[in-house]
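Residue numbers (our numbering), protein chains in the order written: chain A, 20 to 321; chain B, -11 to 365; chain C, 9 to 373.
Even glycine gets a Cβ: it sits at the ideal position worked out from N, Cα and C.
The structure under discussion appears below in the form of structure tokens.
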């Protein structure tokens, strides 16, 4: 220190730098939130608001004046014909979620807990591999398999088994959807089961639980978050699936996404109704995700 | 705490004296033999420890009893019944795991009630027994918490309650205190032994901590490289180790490798590789071959060795050396003496308050032939 | 699609146009309002927005050789998609679009098409008489017809054992056709076929007639595997489907893939469609667009297009130049007698709502 001690006592003006610091600290989070916030605003919030505004205009077509005037488009959804479409869509989504869970769980369980450790990554990649091809291509592959003279029936014929007529039926839609989304389910369940503490299974067995009891009382509750996340992802994806119902479904397999498509790009052209349908789906999906976030992590883990 | 709260419902009269018996058990994993011909008889109501360094096969042995592993050869019996075809969930044993392995998605109450629910106990019985088990480990007030909200020691108690509530014939403990800090470990050692005495239940504990095994057990099996080296009471194991490994592993000792040169009524004479001549007059009759020629290890406990500045008036086992290290331990003083032969001898003497030798001065060490133990190498 | 640095400026202009469409004005804003854009420079490049199969490499190369204008063709698969792209501001690079008849009328009403300057066009008088003054666009004010066709049935003669001669056949044989029939995924075409079968017009506006057409289709539904415009082809060829409702242009050549397949135009008449070329108000290169129109009005170009791409030309002189096997192909050029019973699909105004409602009922029940 080269200067001598000043005889003047420190002025009360010194809090200033501190004040400035606290102000920048207050701004810090906002600066950090800025870019993603802007991104969300431009790409998520604004488009949804535009859709919401359009949903309030009955029967609007391109070129019409946007003049929000009420909830008629939402009332329209309540007509039995549209409710039936929505019900079918939810039915398809629910059923394919159940199928994916039923098929995906044993596979994920096997990869995560029973397969040799050095093969695990390869096995996971093998299951996710179909995702690298176009979903359109996969649906066409199913057409080739399921059609009356297709691969499946040729195969059945060689064993003298009666032919199956699956194409253009709800069954074909479920097969296509389940196949499309199974890899997601397997991937999520695998990452959840891989973290499962195997000693818990030994503990359960030690305490008298048969393998089946241990599965339901330990493995399932321990991986419940993975199950919920995987199911929700498959459900939401199935809800918005357009290709499988369109290509594999039959004459009366209209789903919500096709209905919405018709309002915008099809012959029907009613952007207002399409928007109200979209809003209902957006809200339903958001609610499901909110529930998952709220209750998905309710119990603490060891 | 009630004496009868959790007690094993053992048959009034058993036709076998052993709760657990292992006969010539082998376990091979991927070509590596973890357990090589282990024979064990664990008596009803005893606190039995399996002690050994890591990788000696002690945990595998425990897992063979629990049923998580099946023996490659040999037989495992619990209460006289072969366990070969009995899956873990049907064995009358319960385990306290090293990591506790509590179910994170269940409350403490549900963790403890788990096995009773599986057995379909009535609600009233279930309530009573879970409460008793939690009282036994003093965890009643935590019943509605989740495992993650408890400390390590508390989780340990819950794991104990969960294993005891089922009233097993045998309680298996896999390094139960390994994750606890020193103070808590000492407390739990006392609690576990008093609990075991109170319940009269057979405890089989695996540990690598010899002090823990010595202080808690009725009997100890020392394992090394998949084999049982010695089974005996803590004092037998300590005082009369039967192999050089046991002598070295249990407590501190000075080992001299050499050859037996003479064996007669007065005892043995051993000449070490470095040329020292040692006289041994063991209480145990010499089990090795007579005459000369056999390889021998002589063990002398540090507390049996005396250090003096002046040459003592004894002929046997007295050697000159330099004092290399002194550690003052309060009640004891610990010396390291390097003999002229190059051997180092560790000495532990009671702190009598008298004159103590200084570092790097010539000293004499000596011990009585009676305090030596000769072991076939 | 090749990109040049110029297209970025174009994109910005389009974005501004789209943004102005969204801008609030008065009590509301106009949805997807498309404004004309001043022609902007690059006359050496022409972008087309057309149907798949309407151009090929040879045609584009010949145009470039003759005019020096580089041409790029993008394709759409439905009029509605094309319209939506233009309305959302994403069609700003295109100077030529290919709307179908009813779409010409709709786009004209929406103010999306540029009135054609007939002084700059050569050869309009070479079109067949009816195409010089079509109902959807009187005197070709906004569009020039490029091809036309009918709607009919592709069928597997061996599987059916008989030839469908009229729409009635489908209803009469619906148990044999069980889920072996596809219909067009287009409410006006499929509902129109049912209307025609009942003896009504393709362009019926009477709600009762439309309802009865719906009831008829509901009756037929067990026979219908799916509603699709062109996904029937592979399955027809494989023999999985017995019959498919199809546009004549899509049916050309099926016999060569499977000798059992035939194409028939129902005797009581079908829809008659015309695809046209038009210039959107956002066209950046109107000069290039006129060059393209004149190029395709040339009889030899129109004739060679008919030969290589197999669609019926409305150009009389070109038709006269065609080899006889093509000129006499009844699926490409049906007889006058049948054509007289065909109708082109035109807007039905308020009745659209009925078509849509019954279509939704049909496809979702």
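Item to check | Straight-line gap, residue 333(B) to residue 221(B) (C-alpha atoms, nearest Å) | outcome: Position 345 of the second chain, counted from the first residue, corresponds to residue 333(B). Position 233 of the second chain, counted from the first residue, corresponds to residue 221(B). Spanning the two alpha carbons is a distance of roughly 27 angstroms.
Next on the checklist: Nearest by alpha-carbon distance to residue 368(B): which of 179(B), 249(B), 38(B), 19(B) is it?
Outcome noted: Examination of residue 368(B) is not possible in this model, given that chain B is present from -11 through 365 alone.
Checklist entry - Between residue 102(B) and the rest of its own chain, which residues show a CB-CB distance below 6 angstroms, the 5 nearest in sequence each way excluded? => result For the purposes of this step, residue 102(B) is taken as residue 114 along the second chain, with counting starting at 1. Taken in chain order, the list of residues that qualify is empty.
Next on the checklist: Assuming the contact rule is C-beta atoms closer than 8 angstroms, residue 351(B) and residue 296(B) should be a hit. Round their C-beta distance to whole Å, please.
Outcome noted: For the purposes of this step, residue 351(B) is taken as residue 363 along the second chain, with counting starting at 1. For the purposes of this step, residue 296(B) is taken as residue 308 along the second chain, with counting starting at 1. Contact holds; Cβ gap of about 7 angstroms.
Checklist entry - Is the shortest distance between the beta-carbon of residue 30(C) and the beta-carbons of chain A less than 9 angstroms? => result Looking up residue 30(C) in the third chain gives position 22. Model confidence at residue 30(C) stands at a pLDDT of 45, short of 50, so the residue's coordinates are unreliable and nothing is read from them.
Checklist entry - If you pair each beta-carbon of the region 79 to 90 of chain A with each one of the region 288 to 305 of chain A, do three or more pairs fall below 8 angstroms? => result Cβ pair count under 8 angstroms is three or more, so yes.
Next on the checklist: Using only the alpha-carbon positions, how far apart do residue 266(B) and residue 257(B) sit?
Outcome noted: Here residue 266(B) corresponds to residue number 278 of the second chain, with the count starting at 1. Here residue 257(B) corresponds to residue number 269 of the second chain, with the count starting at 1. Approximately 6 angstroms between the Cα atoms of the pair.
Next on the checklist: Contact between the region 155 to 175 of chain B and the region 63 to 81 of chain B is defined here as three or more beta-carbon pairs at a separation below 8 angstroms; is this criterion met?
Outcome noted: Three or more beta-carbon pairs drawn from the region 155 to 175 of chain B and the region 63 to 81 of chain B are found closer than 8 angstroms, and the two stretches are therefore classed as touching.
Item to check | DSSP state of residue 102(C) mapped onto helix, strand, coil | outcome: If you number the third chain from 1, residue 102(C) lands on position 94. Looking at residue 102(C) - three-state DSSP - the assignment turns out to be strand.
Item to check | C-alpha gap between residue 154(A) and residue 266(A), whole angstroms | outcome: On the first chain, residue 154(A) is found 135 positions in, with the first residue counted as 1. On the first chain, residue 266(A) is found 247 positions in, with the first residue counted as 1. Rounded to whole angstroms, residue 154(A) to residue 266(A) spans 11 angstroms at the Cα level.
Item to check | Within chain A, partners of residue 107(B) - CB distance below 8 angstroms | outcome: Residue 107(B) sits at position 119 when you count from the first residue of the second chain. Chain A residues near residue 107(B): 227.
Next on the checklist: Runs of 3 residues minimum, wholly inside the region 278 to 331 of chain C: which ones carry the beta strand (DSSP E) assignment?
Outcome noted: 279 to 286
Item to check | Per-residue contacts from residue 240(A) into chain B (C-beta, under 7 angstroms) | outcome: If you number the first chain from 1, residue 240(A) lands on position 221. The answer, in chain order, is 93.
Next on the checklist: Please list, in chain order, the chain A residues whose beta carbon lies closer than 7 angstroms to that of residue 167(B).
Outcome noted: Counting from one through the second chain, the residue named residue 167(B) turns up at place 179. Going along chain A, no residue has its Cβ under 7 angstroms from residue 167(B), so there is no contact; the nearest lies around 13 angstroms.
Checklist entry - What's the call for residue 211(B), buried or exposed, on a 16-neighbour Cβ count within 10 Å? => result The residue given as residue 211(B) occupies position 223 in the second chain. Label assigned to residue 211(B): buried.
Next on the checklist: Within 10 Å of its beta-carbon, does residue 229(B) have 16 or more other beta-carbons around it, so buried, or fewer, so exposed?
Outcome noted: Start at 1 with the first residue of the second chain, and residue 229(B) comes out as number 241. Buried: at least 16 other Cβ atoms inside 10 Å.
Checklist entry - Contact between the region 182 to 197 of chain A and the region 163 to 171 of chain A: three or more CB pairs below 8 angstroms? => result yes
Next on the checklist: Suppose the cutoff is 7 angstroms on Cβ atoms and the five residues either side in sequence are ignored; what does the same chain contact list for residue 192(A) look like?
Outcome noted: The sequence position of residue 192(A) within the first chain is 173, counting from 1. Excluding residues within five positions, the ones whose Cβ falls inside 7 angstroms are 111, 263, 264, 267, 268, 272.
Checklist entry - Can you pull the DSSP bridge partners for residue 190(C)? => result Start at 1 with the first residue of the third chain, and residue 190(C) comes out as number 182. Looking at the DSSP assignment, residue 190(C) forms a beta bridge with 234(C), 252(C).
Next on the checklist: Do residue 150(A) and residue 203(A) have their beta-carbon atoms positioned less than 9 angstroms apart in this structure?
Outcome noted: Indexing the first chain from 1 puts residue 203(A) at position 184. Indexing the first chain from 1 puts residue 150(A) at position 131. Cβ atoms of residue 203(A) and residue 150(A): closer than 9 angstroms.
Next on the checklist: Between residue 37(C) and chain A, is the shortest Cβ-Cβ distance under 9 angstroms, so that the two count as touching?
Outcome noted: Numbered from its first residue, the third chain carries residue 37(C) at position 29. Answer yes: the Cβ-Cβ gap between residue 37(C) and chain A drops below 9 angstroms somewhere.
Item to check | Rounded straight-line distance, which links the Cα of residue 316(B) to that of residue 359(B) | outcome: Here residue 359(B) refers to the residue found at position 371 when the second chain is read from its first residue. Here residue 316(B) refers to the residue found at position 328 when the second chain is read from its first residue. Residue 359(B) and residue 316(B) have their alpha carbons spaced roughly 24 angstroms apart.
Next on the checklist: Please list the terminal residues of the continuous beta strand (DSSP E) segment that includes residue 307(B).
Outcome noted: The sequence position of residue 307(B) within the second chain is 319, counting from 1. In this chain, the beta strand (DSSP E) harbouring residue 307(B) covers 306 to 316.
Checklist entry - For residue 55(C) versus residue 293(C), is the C-beta distance shorter than 9 angstroms? => result For this step, residue 55(C) is matched to residue 47 along the third chain. For this step, residue 293(C) is matched to residue 285 along the third chain. Yes, they are a contact pair.
Checklist entry - Does the beta-carbon of residue 46(B) have 16 or more other beta-carbons within 10 angstroms, so that it is buried, or is it exposed? => result As a position in the second chain, residue 46(B) is number 58, starting the count at 1. By the Cβ-count criterion, residue 46(B) is buried, with 16 or more other Cβ atoms from all chains shown falling within 10 Å of its own Cβ.
Checklist entry - Contact check, residue 127(B) vs residue 142(B) under 8 angstroms by CB: the rounded distance? => result Translated into positions along the second chain, residue 127(B) becomes position 139. Translated into positions along the second chain, residue 142(B) becomes position 154. Yes, they are in contact, since the Cβ atoms of residue 127(B) and residue 142(B) sit about 7 angstroms apart, within 8 angstroms.
Checklist entry - So what does DSSP say about residue 77(C), is it helix, strand or coil? => result Residue numbering aside, residue 77(C) sits at position 69 when the third chain is read from its first letter. Coil at residue 77(C), not helix or strand.
Checklist entry - Cβ of residue 160(A) less than 9 angstroms from any chain C Cβ? => result Within the first chain, numbered from 1, the residue matching residue 160(A) stands at position 141. Chain C, which has no Cβ nearer than 9 angstroms to the Cβ of residue 160(A), makes this no.
Next on the checklist: Taking 7 angstroms as the limit between beta carbons, can you name the residues of its chain near residue 110(C), skipping five residues before and five after?
Outcome noted: Indexing the third chain from 1 puts residue 110(C) at position 102. Cβ within range, chain order: 144, 353, 354, 355.
Checklist entry - Just to confirm, are residue 74(A) and residue 197(A) a CB contact at a threshold of 9 angstroms? => result Within the first chain, the letter at position 55 stands for residue 74(A). Within the first chain, the letter at position 178 stands for residue 197(A). The answer is no: Cβ separation not under 9 angstroms.
Checklist entry - What does residue 244(A) touch in chain B if you count any residue whose Cβ is under 7 angstroms from its own? => result On the first chain, residue 244(A) is found 225 positions in, with the first residue counted as 1. Listed along chain B is no residue with a C-beta nearer than 7 angstroms to that of residue 244(A); the closest approach is about 10 angstroms.
Checklist entry - Does DSSP put residue 180(A) in a helix, a strand or coil? => result Within the first chain, the letter at position 161 stands for residue 180(A). If DSSP states are grouped into helix, strand and coil, residue 180(A) belongs with coil.
Item to check | Continuous beta strand (DSSP E) stretch holding residue 82(B): start and end | outcome: In the second chain, counting from the first residue as 1, residue 82(B) sits at position 94. DSSP places residue 82(B) in the uninterrupted beta strand (DSSP E) bounded by 81 to 84.
Checklist entry - Going along chain C in order, which residues have a C-beta closer than 8 angstroms to the C-beta of residue 104(A)? => result Numbered from 1 along the first chain, position 85 holds the residue referred to as residue 104(A). Within chain C, the residues near residue 104(A) are 368, 372.
Next on the checklist: Short of 7 angstroms in beta carbon distance, which residues of its chain neighbour residue 127(A), apart from the five on each side in sequence? Order them along the chain.
Outcome noted: Here the question's residue 127(A) lines up with position 108 in the first chain. Same-chain partners within the cutoff: 205, 208, 209, 212.
Checklist entry - Quick one: is residue 200(A) buried, meaning 16 or more other Cβ sit within 10 Å of its Cβ, or exposed? => result To locate residue 200(A), count along the first chain from 1; it is residue 181. By the 10 Å Cβ count, residue 200(A) comes out buried.
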